[in-house]
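K.L.:
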Ligand SMILES: Nc1ncnc2c1ncn2[C@@H]1O[C@H](COP(=O)(O)OP(=O)(O)O)[C@@H](O)[C@H]1O
Ligand SMILES: Nc1ncnc2c1ncn2[C@@H]1O[C@H](COP(=O)(O)OP(=O)(O)O)[C@@H](O)[C@H]1O
Ligand SMILES: [Mg+2]
Ligand SMILES: [Mg+2]
Ligand SMILES: [Mg+2]
Ligand SMILES: [Mg+2]
């Protein structure tokens, strides 16, 4: 059976999708080096640069967040595959020019972390001032005792891009950017649920299987199995189960301020996301937790997978201000 | 088989999805009257108000475009069904308060047009200054001689909301708003293609059937059959076929300036949309047509249908300026 | 022999029409799936519910305002084209009906004509376009003819129901040119228009309601 | 008897290793589907292509820089964890290898150890975590032991290949704790780690390449 996707050569996806992005947002981004997305107008000299790396197939993430107020460079890998270290180093070198330092934001996935570690080694060998922050927001189903390293990177990276991007734009030091990125990262948790699988656009195979009446909580960003497979539940019940785990894992108490990001996986409609958000909002209200900011949409997807991620983050005044700061990234415009 | 959607009661979708929207964007929108979405902060007195009406199930459209610089009120119907005239009249009456007039933007679908006509009759009976513009951008496959009334409303309404919303925000007269809306409408054409069907979230039934290797060009916004059923084609070929028809139908000549909106139907990934946009952009370039503005994303969807709409519009300086004007609608933020 | 239609008769007519629609709603949705969006049956269920509620309510004995209110509430069903049109029909009937507690056959004919005129103003569809007009127009004509021949309501309604049925049947051989179905043209050949079938069911129900009313 | 490994021998080793991987790439992807993303086979295809290209290129006869360049190009395969690790391995081998046109068995052992150290620095995985380390670590140990016993390259490689195979087999009974597979734990019991199987195939190929080289 032919894959039901609008593509050309399945082994030539990456350059074409990036070219399309750059053509669609010529005032925001441009392509540089080897499949690296950079700002159309580079950040002023003397400011810290933000670089990220990661596989593609998650559009608009990660490259859709390059722009004023967010990322300076995104090193994009093949579908679901980390970019190799050589290209990451290429980006770091570009980023380091006329800059007091580079902050590398990396999602906690094996391949990404490996490339990042090799990149960091090389950068240090070349005396490039670079710091790295690993985003580890994704909790597993039913394991509240997980350590930070066991959590993988889900949509939480977007919050880090946003607030760290805002500090960097202000002209703050690399240490200050790192502090903010780490504060955001430590206070963020996400949990994913999947309802229907997706097709890998290069191989044409589905990335996992799920029964007709099943859903799975705790899935990874690439269809990695979670541990919460169960019968399908309603929007309200699903939101309840997931939010309970998230709040417990982050240790949120009544009276605290939260940012909630509801991230559609691909095929789940915005209609559903709004219905789920309604449930989330009601639960928080009932628990006397303040929903200070929110974002509902598709930010980091898994092809046409049905499902979503709920991200919560503990916010203080500083983080709220940075979250609100202007951004003109193609897929995250702040008003 | 259970429907694979995150919902609660399938017969209670509308109020829940609207409540979710309002909770997610409390600074942009609020609910008023009976399932009517209004701006959180009403437009200043003395300015023309924009009202639209239409079925739901197309999220973020239509209600996601309520906000500064775009719509004042959106009267939302049940899934794929026009709202009845009583609620439309309710919105028109609210809109008419402290306002020199109301512009009603209606997509050319039988039910919507009926409700709009009844509403217009009642408004006139009540001496409310209201003008209506019918958006008829959707062309059919292979019929270049179609008359405006044969074309149905697709994503083109969004362009009308945007430019008419911008003139209204400037404080221009109702006649001026109507002139701009009509100019935009007359210069806009869209064409849809579908690759996979969607499930009606109330009935649980698929809305059409398509073979495993088929696609269909010319489909309507609710899965209404088109006349261009054919074997699946590559992204480049599909873009080529569709753009040829659009350019011919609108009579675009070399040297002209176009806005292109690429609107995903739901399950088609942004990865694919970027790849299709790349093709569109290359074709225009080869034909010496200027791509002056563009938008790529999901604006008016059909549940989790796979497919997309290409919208083209002939732009002059005035329309470009209005397209660029600020907007803070939840799902159409202008930088 | 029923010579006058009052609220009681209307209640019987509406109740019988509602039964007809309820028996066939899945078939109506199925017809609407041929080229439409498959929701016609469920919309009609809500339309007939309004009809029952209107005739049961205590608010008025005045048939004119009862029909106008009914029209408004049917439009409020938010069901798309058919509820908008049927709402317009009832509200047009109300405008044309005498503000009386009961009306005779000629007055009912005038009301039906008023409803038809109101629809025509917003619909743009003509008989032959494969819409509900193909059943409604002949039904109203037949009723008016019988009324002008001094037939009673029962006889007129029987003719109207027969004409509506013939009109609905005739839509099988037509190609849709209106509503959601118009974009698929040929596809609708062989299958009747759902809205026209609904009109036939409603008129058949009206007649059965009158028959039943007489028997009890 | 092969006592020295030069560019020619390396070409034979890499060519044979590439054949092994090409025969098994679908199986490797299938293993990666158990709990990973199912791309390991296609990544390995690109890795072995780099190996062939590196040994065929005219650019250098210096084995140290040949291996460093190979490491860089394998990392550039952009295939995720395995290409990053194997690239690190080759580049670590290059750093440790003497900058010579050919190296003897002890020098090759030192190079393998340098590659293993380089991986260990970035991998964090230990033997027993069900990764490619479970095959690579015993393979390198076996090779070193044979080298220190003054065995020749052929004998050492045969032992290394056997050790890699045993290590890969042993991963069947382990629960994944690293890479993408770690989140599904128990699910991977009974099926070997794809990266470990690849290492076993590579070392088996190295040995066959040497055998073949001798024969011709
Ligand atoms: N302009 C029109 N004039 C008359 N009848 C129409 C018109 N548009 C649609 N209809 C009728 O409405 C019926 C469809 O009703 P329904 O499915 O309930 O509404 P929708 O098409 O909005 O889903 C059609 O079968 C046809 O009889
Ligand atoms: N941290 C690690 N240390 C050692 N080996 C690892 C590590 N992470 C992953 N691997 C190896 O990589 C293999 C998967 O490779 P591959 O599928 O090509 O990459 P990815 O997991 O990025 O898709 C695993 O079977 C395992 O042997
Ligand atoms: Mg991979
Ligand atoms: Mg409908
Ligand atoms: Mg319908
Ligand atoms: Mg893999």
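Protein chains in written order, with this note's numbering: chain Z, 3 to 337; chain P, 3 to 337; chain S, 606 to 821; chain Y, 606 to 821. C-beta: ideal position from N, C-alpha, C; glycine also.
1. If the criterion is Cβ atoms closer than 9 angstroms, does the pair residue 309(P) and residue 267(P) meet it?
2. Per DSSP, what kind of secondary structure is residue 20(P) in: helix, strand or coil?
3. Between the region 305 to 323 of chain Z and the region 193 to 207 of chain Z, do at least 3 Cβ pairs fall closer than 8 angstroms?
4. Helix, strand or coil for residue 233(Z)? Go by DSSP, reduced to three states.
5. Can you tell me the Cβ-Cβ gap for residue 619(S) and residue 656(S), rounded? I've got them flagged as a contact below 8 angstroms.
6. By the three-class DSSP mapping on this structure, what secondary structure does residue 329(P) have?
7. Going by Cα to Cα distance, which pick from 97(P), 20(P), 243(P) and 163(P) is closest to residue 329(P)?
8. Could you tell me if the beta carbon of residue 686(S) falls within a distance shorter than 8 angstroms of some heavy atom in ligand 5?
9. Sort out for me which residues DSSP pairs residue 58(P) with in a bridge.
10. When you compare only the Cα positions, how much space is there between residue 41(P) and residue 236(Z)?
11. Helix, strand or coil for residue 75(P), going by three-state DSSP, please let me know.
12. Considering Cα atoms alone, identify which of 252(Z), 274(Z) and 229(Z) is closest to residue 20(P).
13. Quick one: residues in its chain with C-beta nearer than 8 angstroms to the C-beta of residue 189(P), no 5 flanking neighbours on either side, listed in chain order?
14. Which residue or residues does DSSP assign as beta-bridge partners of residue 200(P)?
15. Mark residue 70(Z) as exposed unless 16 or more other C-beta atoms lie within 10 angstroms of its C-beta, in which case mark it buried.
16. Which bits of chain Z does residue 192(P) rub up against, with CB to CB less than 8 angstroms?
17. Residue ranges of each alpha helix (DSSP H) run of no fewer than 4 residues wholly in the region 729 to 753 of chain S, ordered along the chain?
18. For residue 7(Z) versus residue 270(P), is the C-beta distance shorter than 9 angstroms?
19. Going along the chain, which residues of the region 231 to 257 of chain P sit with their C-beta nearer than 7 angstroms to a C-beta in chain Z?
20. DSSP has residue 140(P) in a bridge; who is on the other side?
21. With DSSP run on the structure shown, which of helix, strand or coil describes residue 123(Z)?
22. Apart from the five residues just before and just after residue 627(Y), which ones in its own chain have a Cβ nearer than 8 angstroms to its Cβ?
23. Along the chain, where does the alpha helix (DSSP H) containing residue 626(Y) start, and where does it finish?
24. Is there a Cβ of chain P sitting closer than 9 angstroms to that of residue 701(S), yes or no?
25. Please name the residues in the region 10 to 26 of chain Z whose beta-carbon is closer than 8 angstroms to at least one beta-carbon of chain Y, in chain order.
26. Please check if any C-beta of chain Y sits within less than 9 angstroms of the C-beta of residue 279(Z).
27. What residues in its chain sit with their C-beta under 6 angstroms from that of residue 782(S), if we drop five residues either side in the sequence?
28. Between residue 264(P) and residue 298(P), how many whole angstroms is the CB-CB distance? I'm expecting something under 8 angstroms.
29. DSSP on residue 606(Y), reduced to helix/strand/coil?
30. Run the Cβ filter for me: residues under 5 angstroms from any heavy atom of ligand 5, listed in the order they occur in the chain.
31. Does residue 214(Z) pass the burial test, meaning 16 or more other C-beta atoms within 10 Å, or should it be called exposed?
32. Can you say whether residue 59(Z) is buried or exposed, counting buried as having 16 or more other CB atoms within 10 angstroms of its CB?
33. Under 8 angstroms, CB to CB, which of the residues in the region 68 to 99 of chain Z have a partner in chain Y?
34. In this structure, what does DSSP give as the bridge partners for residue 10(P)?
35. With distances taken between CB atoms, is the gap from residue 77(P) to residue 54(P) smaller than 9 angstroms?
P.N.:
On the basis of the data shown:
1. Here residue 309(P) refers to the residue found at position 307 when the second chain is read from its first residue. Here residue 267(P) refers to the residue found at position 265 when the second chain is read from its first residue. Judged by their CB atoms, residue 309(P) and residue 267(P) are nearer to each other than the 9 angstroms cut-off.
2. Working through the second chain from its first residue, we reach residue 20(P) at position 18. Helix, per DSSP.
3. Judged by Cβ distances under 8 angstroms, the region 305 to 323 of chain Z makes contact with the region 193 to 207 of chain Z, as three or more pairs qualify.
4. Along the first chain, read from residue 1 onward, the residue named residue 233(Z) stands at position 231. Judged by DSSP in its simplified three-state form, residue 233(Z) adopts strand.
5. Mapped onto the third chain, residue 619(S) falls at position 14. Mapped onto the third chain, residue 656(S) falls at position 51. Between residue 619(S) and residue 656(S) the beta-carbon gap is near 4 angstroms, inside 8 angstroms, which marks them as a contact.
6. Taking the first residue of the second chain as 1, we reach residue 329(P) at position 327. Under the three-state reduction of DSSP output, residue 329(P) falls in the coil class, being neither helix nor strand.
7. For this step, residue 329(P) is matched to residue 327 along the second chain. Looking only at 97(P), 20(P), 243(P) and 163(P), the smallest Cα-Cα distance to residue 329(P) is reached by 163(P).
8. Numbered from its first residue, the third chain carries residue 686(S) at position 81. True, at least one ligand heavy atom lies under 8 angstroms from that Cβ.
9. Here the question's residue 58(P) lines up with position 56 in the second chain. Residue 58(P) has 81(P) as its beta-bridge partners, per DSSP.
10. Residue numbering aside, residue 41(P) sits at position 39 when the second chain is read from its first letter. Residue numbering aside, residue 236(Z) sits at position 234 when the first chain is read from its first letter. Going by the C-alpha atoms only, they are around 30 angstroms apart.
11. By one-based count along the second chain, residue 75(P) stands at place 73. In this structure, DSSP gives residue 75(P) an extended state, which the three-state scheme calls strand.
12. What you label residue 20(P) is simply residue 18 of the second chain in a count that begins at 1. Distance check between residue 20(P) and each of 252(Z), 274(Z) and 229(Z) places 274(Z) closest, using alpha-carbon atoms only.
13. Reading the second chain from its first residue, position 187 is the one you call residue 189(P). Around residue 189(P): 252, 315, 316, 317 and 321.
14. Translated into positions along the second chain, residue 200(P) becomes position 198. For residue 200(P), no pairing in a beta bridge is given by DSSP.
15. Residue numbering aside, residue 70(Z) sits at position 68 when the first chain is read from its first letter. By the C-beta density criterion, residue 70(Z) is buried, having at least 16 other C-beta atoms within 10 angstroms.
16. Numbered from 1 along the second chain, position 190 holds the residue referred to as residue 192(P). Near residue 192(P) there are no residues of chain Z at all, since even the closest Cβ is about 17 angstroms away, more than 8 angstroms.
17. Whole alpha helix (DSSP H) segments, 4+ residues: 738 to 753.
18. Along the first chain, read from residue 1 onward, the residue named residue 7(Z) stands at position 5. Along the second chain, read from residue 1 onward, the residue named residue 270(P) stands at position 268. Going by C-beta atoms, residue 7(Z) is nearer than 9 angstroms to residue 270(P).
19. Hits within the stretch, in order: 234, 236, 237, 238 and 240.
20. Against the second chain, residue 140(P) aligns to sequence position 138. Answer by DSSP bridge pairing, in chain order: 154(P) and 192(P).
21. Position 121 of the first chain, counted from the start, is the residue given in the question as residue 123(Z). Taken through DSSP and simplified to helix, strand or coil, residue 123(Z) comes out as helix.
22. On the fourth chain, position 22 is the one that residue 627(Y) refers to. Contacts found: 650 and 653.
23. On the fourth chain, residue 626(Y) is found 21 positions in, with the first residue counted as 1. First-last of the alpha helix (DSSP H) with residue 626(Y): 612 to 640.
24. Mapped onto the third chain, residue 701(S) falls at position 96. Output row for residue 701(S): interface = no.
25. Within the region 10 to 26 of chain Z, no residue qualifies.
26. Your numbering for residue 279(Z) matches position 277 in the first chain. Taking Cβ atoms only, chain Y never reaches closer than 9 angstroms to residue 279(Z), which makes this a no.
27. Against the third chain, residue 782(S) aligns to sequence position 177. Within the same chain, and ignoring the five residues on either side of residue 782(S) in sequence, the residues whose Cβ sits closer than 6 angstroms to its Cβ are 734.
28. What you label residue 264(P) is simply residue 262 of the second chain in a count that begins at 1. What you label residue 298(P) is simply residue 296 of the second chain in a count that begins at 1. At roughly 5 angstroms, the Cβ-Cβ gap stays under 8 angstroms, so residue 264(P) and residue 298(P) are in contact.
29. Taking the first residue of the fourth chain as 1, we reach residue 606(Y) at position 1. Reliability of the predicted coordinates at residue 606(Y) is poor, the pLDDT of 49 falling under 50, and the value obtained from them is presented with this limitation in mind. DSSP, read as helix, strand or coil, puts residue 606(Y) in coil.
30. Taken from the N-terminal end onward, the list reads 637(S), 641(S), 642(S), 644(S) and 645(S).
31. Within the first chain, numbered from 1, the residue matching residue 214(Z) stands at position 212. Residue 214(Z) is classed as exposed because its beta carbon has fewer than 16 other beta carbons within 10 Å across all chains shown.
32. Within the first chain, residue 59(Z) is the residue found at index 57, counting from 1. Its Cβ being crowded by 16 or more others within 10 Å, residue 59(Z) is buried.
33. The residues in question are 79, 80, 82, 83, 84, 85, 86, 87, 88 and 89.
34. On the second chain, residue 10(P) is found 8 positions in, with the first residue counted as 1. In the DSSP output, where bridge partners are listed per residue, residue 10(P) has none listed.
35. Start at 1 with the first residue of the second chain, and residue 77(P) comes out as number 75. Start at 1 with the first residue of the second chain, and residue 54(P) comes out as number 52. Yes; because the gap between Cβ atoms is below 9 angstroms, this pair is in contact.
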